[in-house]
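A.B. asks: Quick one: this structure, given as structure tokens, is what I'll be asking you about.
Numbering (full-length UniProt numbering), first residue to last: 1 to 527.
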């Protein structure tokens, strides 16, 4: 990875976030995307005017140092405009960095010493001559690989359940001295404080779409595990033995995930091309990233749960990957912009007309009609409200923002799949899958009643089922599937290595006799 890869967002940058090797360790890819996209990417942007920063970026790209990105605070979450960390300019020209309250602790980035020196891009309010001049990023050395630096305090959080462990931390600063060159940017107060904040955290919007890319191999892995397990597991005896994959209840969720994966792959290609087109309004590009992330995360969260359930008790164990994938995708839904927060911001800005997203290629498609219909309903509410932040909007629109954003993503995915020549059978099943998410709307506003919806889904699954083996092969992620339930050989080797307790004790013969009535309760208690 080079500085140009990071700044120009070359194919190599996107391939990093789409490589199925991420399936083997969600913690590793978490650290990589923080290191390359957020930390190195932020510093690299300023290195254009400050050549002395180039060696810092190279140290990060070559992993001579760990890099972290410290924006979110414990007490503020998505409310980044009100973060409390303060960097005060001293008469000497240096800065002093402080976390003034417990709620101002930086939340999540892993800052525990881990062998290599660790630096971070820390966001703080810049105070000059008692004046708040808005937010700025600072380069801060956190530890030398063995010990925390003076004034930096790190508290290790317990591990998240069901995922590969990352050393998530709470980090606080107490009179940490920073030299003048630690500041990234100007001392001057920006004309528009909010616009400045959005500008200095621009790598987060890149992370929104990059993080979303990680869900595609997760979908492919989910479909592969579900298909192979369902072929291996059989019911019946003798000539009547058959794989459980034959049952519609078993293959329906697997087919749904497989179809979604191929359609989402087309959406990903389109979304990346749009996002990298600098001729587009930056707000539109960020909106496309948000829409893409919301759709892929929702599809995979729904898909991995349904496939895991069809693996029964086996689907609960971490050694079969599915529960781990679900835990990792839950984290992806929050990282680099919580999908709900992204939806509230995007949909409200679209409703008040600040900008608009690319129009559908086929405005008459079912999914385009759905998105347009939902938007029209919300727009009517906004027009009748006193203000787009009124209580009326809070009560009647906020809960509908995420479904609205997902509906936009569904029609974008459909358009991308059609344009890129995805198999019609897969597109048909994708549409059927999406229709089920809001079946009532289609029944009320189109000719698709309940029976018609069921028939559409049945025809689509009938067409895709014979293709399943070919589809799984085309995903080509088996090398990164370590689930044990996909083959007899893996399962047998696993059982062979389990700690086994042999029976060596002599069992006493338990003789049961009728007890006197007064001793009945005592006998039950004894047993």
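Glycine residues also receive a C-beta, built at the ideal position from the N, C-alpha and C atoms.
Would residue 127 pass as a contact of residue 70 if the rule is Cβ separation under 7 Å?
C.D. replies: no
A.B. asks: For residue 183, does the three-state DSSP call read helix, strand or coil?
C.D. replies: strand
A.B. asks: With DSSP as the reference, please indicate the residues paired to residue 132 in a beta bridge.
C.D. replies: 127
A.B. asks: Check whether the segment 232 to 242 and the segment 199 to 213 touch, using three or more Cβ-Cβ pairs below 8 Å as the test.
C.D. replies: no
A.B. asks: Is residue 419 helix, strand or coil by DSSP?
C.D. replies: Helix.
A.B. asks: Between residue 191 and residue 82, what straight-line distance do the alpha-carbon atoms span, to the nearest angstrom?
C.D. replies: Straight-line spacing of the CA atoms in residue 191 and residue 82 works out to 18 Å.
A.B. asks: Could you round the C-beta distance between residue 331 and residue 171 to whole angstroms and report it? I think they count as a contact, below 8 Å.
C.D. replies: Rounded, the Cβ-Cβ distance is 19 Å, inconsistent with contact.
A.B. asks: Using DSSP with H/G/I as helix, E/B as strand and the rest coil, what is residue 356?
C.D. replies: In the structure shown, residue 356 falls within a coil segment according to DSSP collapsed to helix, strand and coil.
A.B. asks: Determine the DSSP secondary structure at residue 496, reduced to helix, strand or coil.
C.D. replies: Assignment of residue 496 by DSSP, reduced to helix, strand and coil, places it in the helix class.
A.B. asks: Is residue 481 helix, strand or coil by DSSP?
C.D. replies: The answer is coil: DSSP assigns residue 481 none of H, G, I, E or B.
A.B. asks: If you measure from the CB of residue 474, is any heavy atom of the ligand FAD nearer than 6 Å?
C.D. replies: No copy of the ligand FAD occurs in the structure displayed, which carries no ligand at all.
A.B. asks: Kindly list the residues whose CB is nearer than 6 Å to the CB of residue 410, restricted to its own chain and excluding five residues on each side of it in sequence; keep chain order.
C.D. replies: 367, 434
A.B. asks: At the level of alpha carbons, what is the spacing between residue 37 and residue 186?
C.D. replies: 22 Å
A.B. asks: Per the contact definition of three or more C-beta pairs closer than 8 Å, is the segment 248 to 265 in contact with the segment 206 to 220?
C.D. replies: yes
A.B. asks: Does the distance from the CB of residue 426 to the CB of residue 259 come in under 7 Å?
C.D. replies: yes
A.B. asks: Would residue 472 pass as a contact of residue 124 if the rule is Cβ separation under 7 Å?
C.D. replies: no
A.B. asks: Is residue 73 helix, strand or coil by DSSP?
C.D. replies: In the structure shown, residue 73 sits in a strand (DSSP, three-state: E or B).
A.B. asks: Roughly how many angstroms lie between the CA atoms of residue 314 and residue 485, to the nearest whole one?
C.D. replies: 8 Å
A.B. asks: Just list the residues that DSSP pairs residue 67 with in beta bridges.
C.D. replies: 119
A.B. asks: Give the secondary structure of residue 224 by DSSP, where H, G and I count as helix, E and B as strand, and everything else as coil.
C.D. replies: helix
A.B. asks: Between 362, 455, 130, which lies nearest to residue 419 when the distance is taken from Cα to Cα?
C.D. replies: For the residues 362, 455, 130, the minimum Cα distance to residue 419 belongs to 362.
A.B. asks: Suppose contacts are defined by Cβ-Cβ distances below 7 Å. Is residue 284 in contact with residue 355 by that definition?
C.D. replies: yes
A.B. asks: Span of the beta strand (DSSP E) holding residue 534?
C.D. replies: One cannot answer for residue 534 here, as it falls past the ends of the chain, which runs 1 to 527.
A.B. asks: Under a Cβ-count criterion, where at least 16 other Cβ atoms within 10 Å of its own Cβ denotes burial, should residue 67 be classed as buried or exposed?
C.D. replies: buried
A.B. asks: Do you know how far the Cα of residue 413 is from the Cα of residue 352?
C.D. replies: 25 Å
A.B. asks: May I ask you to report which of helix, strand or coil DSSP gives residue 37?
C.D. replies: helix
A.B. asks: Which same chain residues, not among the five before or five after residue 358, have their C-beta less than 8 Å away from its C-beta?
C.D. replies: 274, 284, 288, 412
A.B. asks: Buried or exposed for residue 432, going by 16 or more other Cβ atoms inside 10 Å?
C.D. replies: buried
A.B. asks: Report, in whole angstroms, the separation of the C-beta atoms of residue 405 and residue 291, which I expect to be a contact under 8 Å.
C.D. replies: Between residue 405 and residue 291 the beta-carbon gap is near 6 Å, inside 8 Å, which marks them as a contact.
A.B. asks: Mapping DSSP to helix, strand and coil, what is residue 389?
C.D. replies: coil
A.B. asks: According to DSSP, simplified to helix, strand and coil, what is residue 114?
C.D. replies: coil
A.B. asks: Nearest to residue 75 by alpha carbon, out of 49, 104, 58?
C.D. replies: For residue 75, the closest alpha carbon among the candidates 49, 104, 58 is that of 104.
A.B. asks: So residue 169 is in the beta strand (DSSP E); what residue range does that whole segment cover?
C.D. replies: 169 to 173
A.B. asks: Would you be able to state if there are at least three C-beta pairs under 8 Å between the segment 241 to 254 and the segment 295 to 311?
C.D. replies: yes
A.B. asks: Assign residue 189 to one of two classes, buried (16 or more other C-beta atoms within 10 Å of its C-beta) or exposed (fewer than that).
C.D. replies: exposed
A.B. asks: Please classify residue 77 as buried or exposed, where buried requires at least 16 other C-beta atoms within 10 Å of its C-beta.
C.D. replies: exposed
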